[in-house]
Amino acid sequence: MSAPVPLLPPPEARLTRWGRLRDRVLLDPEWSRVIRWLAPLVITTLAAVLRLANLAHPQTLAFDETYYVKDAWSLWVLGYEGTWADGANEAFITGDTSTLSDAGSYVVHPPLGKWLIALGMGAFGVGNSAAWRLPVALIGTATVLLVYFVAKELTRSIVAASVAGLLLAIDGLSIVMSRIGLLDGILTFFILLGFHFILLDRRRSIPLVERAPDDDREYLWGRIIWRRPWVIAAGVALGAATAVKWSGLYALAGLGIYLVVTDALARRRAGVAYWPMDAVARQGVVSFLLLVPVAFVTYLASWTGWLVTAGGYDRQSDANPLVALWNYHESIYGFHVGLSSGHTYASPAWQWPFLVRPTAVWVGDDPSCGTDHCMSVISTVPNPLIWYAGVAAAIYLLYRLVRGLIERRPMPWMYGLPLVGLGVTYVPWLLYPERTIFQFYTVVMVPFLVLALVLALRDVAGRRDDPLYRRQAGERTVMVFLVAVVLVSAFFYPVWTGMSVPYEFWLIHNWLPTWV
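Okay, so the sequence shown: first residue is 0 according to numbering that gives the first Met the number 0, each after it adds one.
If you want it as structure tokens, here you go:
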């Protein structure tokens, strides 16, 4: 008598080939422990190699390095931004800083980002382009690791976090802005760090708010939580972001609103009767006191060099240094609002989603090429697949959220956070259509586009309870997309790092006529 044939599970219960491999690795305690360390380590190492290799090229001041790098050195030696004489660039790259005077220079960005750039030159000297770019490269590498942790906190998935880290590690805009001594990569790190701290606070505080009330009063007004250390940490991070560029202030305001909204929704779920007023007038005030004052103190501390010295621009406008600093800020604000001078690479914010006009931050000649038809370019064009797919993913998440609200269906809470990030890093720029701004400012948006893309790819791959054929098709689609992204990054890497390439090779990287 033949043995009974074992019954196979229904198709809905079967795992795909990828699902079996994933579960075999992640459900095994030993392998899971190794992967938890190995995944972020490998991704961060890849990011470091792409950002640090040949960092000294080009051995010149590229694009706005002419401002920030020289200002950084004057901060290091004077405590404030001094004035440089004509011909300073040519002398500076040889290590000659004699063209620096102690007369205060009018600068329009806070000092923190330039102080960080100065650390590299303080350690390794002036005249070494790798020295002034090293802090930015290390911060750019840390941003990749940070997006891994943010994605892991959002999804509770090592796989999703690894994909997010990989996408940011190989994205061209992130690579370029980590290899040039500008402020925007530093700004990106601090804004993302603030978001990470808010996420950690959400995991800790939301369960406390949703906990069953202890008495009748809490049924009416809810529980007020003062002990929120991650909100204080977020205030420090966002204050630091504002101390790099004022656009960090939008992130501070946006995340403050996010705290109030999430607290309100948690109170509603807990059955608090007056949940809107409770979240705004009671917990909202507490959250403000935990977040904003520490951000202000952090920002003010970044101006210490200007405050304790006498030579900074406008430092003597008032006997009270804080009043003098306020006067200076009024002047800076007027400059930013009125900045409308033309520029070859200017790109208004409405163009950014379409990737109309990337910036070439450096174009050089390479006589070693042996022909007149070679190009050396550092372009801030992102990986086009990551960029356009990220924009599409953000639209998808917004659609899902709006549809869920209209139909009053519960939606995954994590869909909202990338949209908040994109809102505070993109929407404010739409308010200044006449201002001279650049596509590379979107480096601050890229981590949130990557997070939106990862969430959308998870939906494409399918859930465990989807039919087998649906999961197989979805996982294959995601795999093909990721392979294509890696190949496109390899294709564009020469024009992200200023390699000398034939002119025809450079031309085929200009996918839109406006990229030339």
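Ideal Cβ positions, reconstructed from N, Cα and C, are used throughout, including at glycine.
Small disclaimer: the values here were computed from a predicted structure and weren't measured.
Proximity winner among the options, relative to residue i (alpha-carbon distances)
i, options, result
"Trp351", "Asn326, Pro292 and Thr424", "Thr424"
"Val24", "Arg16, Phe189 and Ile34", "Ile34"
"Ala38", "Ala87, Ala168 and Thr187", "Ala168"
"Ile116", "Gly171, Ala160 and Leu186", "Leu186"
"Val68", "Ala129, Ala52 and Gly497", "Ala129"
"Val208", "Arg314, Ala300 and Ala278", "Ala278"
"Ile223", "Phe439, Ser204, Arg402 and Val362", "Ser204"
"His559", "Leu237, Tyr218, Val158 and Tyr332", "Given that the chain is displayed from residue 0 to residue 515, the structure contains no residue 559 and the question cannot be resolved."
"His108", "Val445, Met444, Thr82 and Thr241", "Thr241"
"Asn509", "Leu397, Leu450 and Met374", "Met374"
"Arg21", "Pro357, Val285, Ile157 and Gln58", "Ile157"
"Glu433", "Arg463, His342, Ala455 and Ala489", "His342"
"Leu416", "Gly103, Ile197 and Ser104", "Ile197"
"Pro206", "Ser246, Thr154 and Arg267", "Arg267"
"Ala71", "Ala122, Arg32, Ala348 and Gln58", "Ala122"
"Leu51", "Ile507, Trp514 and Trp495", "Trp495"
"Gly516", "Trp114, Tyr257, Gly81 and Tyr440", "Nothing in the structure corresponds to residue 516, since the chain is present only between 0 and 515."
"Tyr273", "Leu219, Trp428, Ala84 and Arg19", "Leu219"
"Arg19", "Trp514, Val482 and Arg463", "Arg463"
Residue-level contact to chain C via CB, residue i, 8 Å cutoff
i, result
"Gly124", "Among the protein chains of the structure shown there is no chain C, as only one such chain exists."
8 Å Cβ cutoff met for residue i and residue j
i, j, result
"Val162", "Gly221", "no"
"Leu199", "Trp229", "yes"
"Ser573", "Ala359", "In the structure as shown, the chain begins at 0 and stops at 515. Residue 573 is therefore absent and cannot be evaluated."
"Leu400", "Tyr414", "yes"
"Val135", "Gly180", "yes"
"Phe189", "Ala239", "yes"
"Arg227", "Leu288", "no"
"Tyr251", "Ala300", "It is worth fixing the name first, because residue 251 is Leu in this sequence and not Tyr. Against a cut-off of 8 Å, the Cβ pair of Ala300 and Leu251 comes out as no contact."
"Phe532", "Gly171", "Any property of residue 532 remains undetermined from this structure, which presents the chain solely from 0 to 515."
"Gly124", "Gly94", "yes"
"Ser100", "Ala90", "no"
"Val419", "Gly253", "yes"
"Ile385", "Val484", "yes"
"Ala451", "Ala393", "yes"
"Val426", "Gly389", "no"
"Tyr528", "Tyr312", "Lying outside 0 to 515, the shown extent of the chain, residue 528 is not represented and no answer is given."
Inter-residue Cα distance where the pair is residue i and residue j
i, j, result
"Val4", "Ala472", "Confidence at Val4 is low in this model, with a pLDDT of 47, below 50, so the placement of that residue should be treated as unreliable; the coordinate-derived value is given next. If I take the Cα positions, the gap works out to 29 Å."
"Val501", "Pro493", "Contrary to the premise, residue 501 reads as Pro rather than Val in this sequence. Approximately 11 Å, taken between the alpha carbons."
"Glu11", "Trp505", "In this prediction, Glu11 has a pLDDT of 48, which is less than 50 and means its spatial position is unreliable; what the coordinates show is noted afterwards. Cα to Cα, Glu11 sits roughly 49 Å from Trp505."
"Thr15", "Asn382", "30 Å"
"Phe334", "Val106", "10 Å"
"Pro409", "Arg210", "19 Å"
"Leu264", "Phe447", "23 Å"
"Leu54", "Arg132", "7 Å"
"Leu511", "Val355", "8 Å"
"Phe62", "Val362", "10 Å"
"Leu321", "Glu64", "29 Å"
"Val296", "Glu152", "28 Å"
"Pro466", "Ala460", "11 Å"
"Ala323", "Val336", "20 Å"
"Val76", "Gly103", "13 Å"
"Leu397", "His56", "41 Å"
"Trp325", "Val48", "43 Å"
"Thr476", "Ala391", "16 Å"
"Ala522", "Gly283", "Here the chain has residues from 0 to 515 only, and residue 522 is not among them."
"Leu192", "His372", "44 Å"
"Trp514", "Ile507", "11 Å"
"Tyr298", "Val235", "8 Å"
"Gly497", "Val376", "5 Å"
"Ala489", "Ser499", "15 Å"
Residues of its chain near residue i, where Cβ-Cβ distance is below 7 Å and the 5 sequence neighbours each way are ignored
i, result
"Val143", "Ile42, Thr43, Ala46, Gly164, Leu167 and Ala168"
"Arg201", "Thr261"
"Gly304", "Leu74, Gly78, Tyr79 and Pro110"
"Leu182", "Tyr67, His108, Gly112, Val243 and Lys244"
"Val445", "Leu167, Asp170, Leu172, Ser173 and Pro381"
"Leu6", "With a pLDDT of 47 at Leu6, under the threshold of 50, the modelled position of that residue is not reliable, and the figure given next carries that caveat. Cβ neighbours of Leu6 beyond the five flanking positions: none."
"Phe439", "Leu172, Met176, Asp183, Thr358 and Thr379"
Own chain partners of residue i with C-beta closer than 8 Å, once the 5 adjacent residues on each side are dropped
i, result
"Gly184", "Val135, Ile138, Gly139, Thr142, Ser173, Met176, Ser177 and Val442"
"Trp225", "Val285 and Leu289"
"Gly255", "Ser286, Phe287, Leu290 and Val291"
"Met0", "Here the model assigns Met0 a pLDDT of 45, short of 50, so the residue's position is not dependable, and the following value carries that caveat. Taken in chain order, the list of residues that qualify is empty."
"Thr154", "Ala160, Met413, Val453, Leu454 and Arg457"
"Gly126", "Phe91, Ile92, Thr93, Gly94 and Asp95"
"Ile436", "Ala345, Ser346, Pro347, Ala348 and Trp428"
"Gln315", "Ala309 and Ala323"
Contacts around residue i, its chain only, beta-carbon distance under 6 Å, and the 5 residues preceding and following it disregarded
i, result
"Thr59", "Ile92"
"Ile231", "Leu289 and Val293"
"Leu306", "Pro320"
*Three or more beta-carbon pairs under 8 Å between the region 37 to 52 and the region 140 to 156, yes or no?*
Contact holds: three or more Cβ-Cβ distances are below 8 Å.
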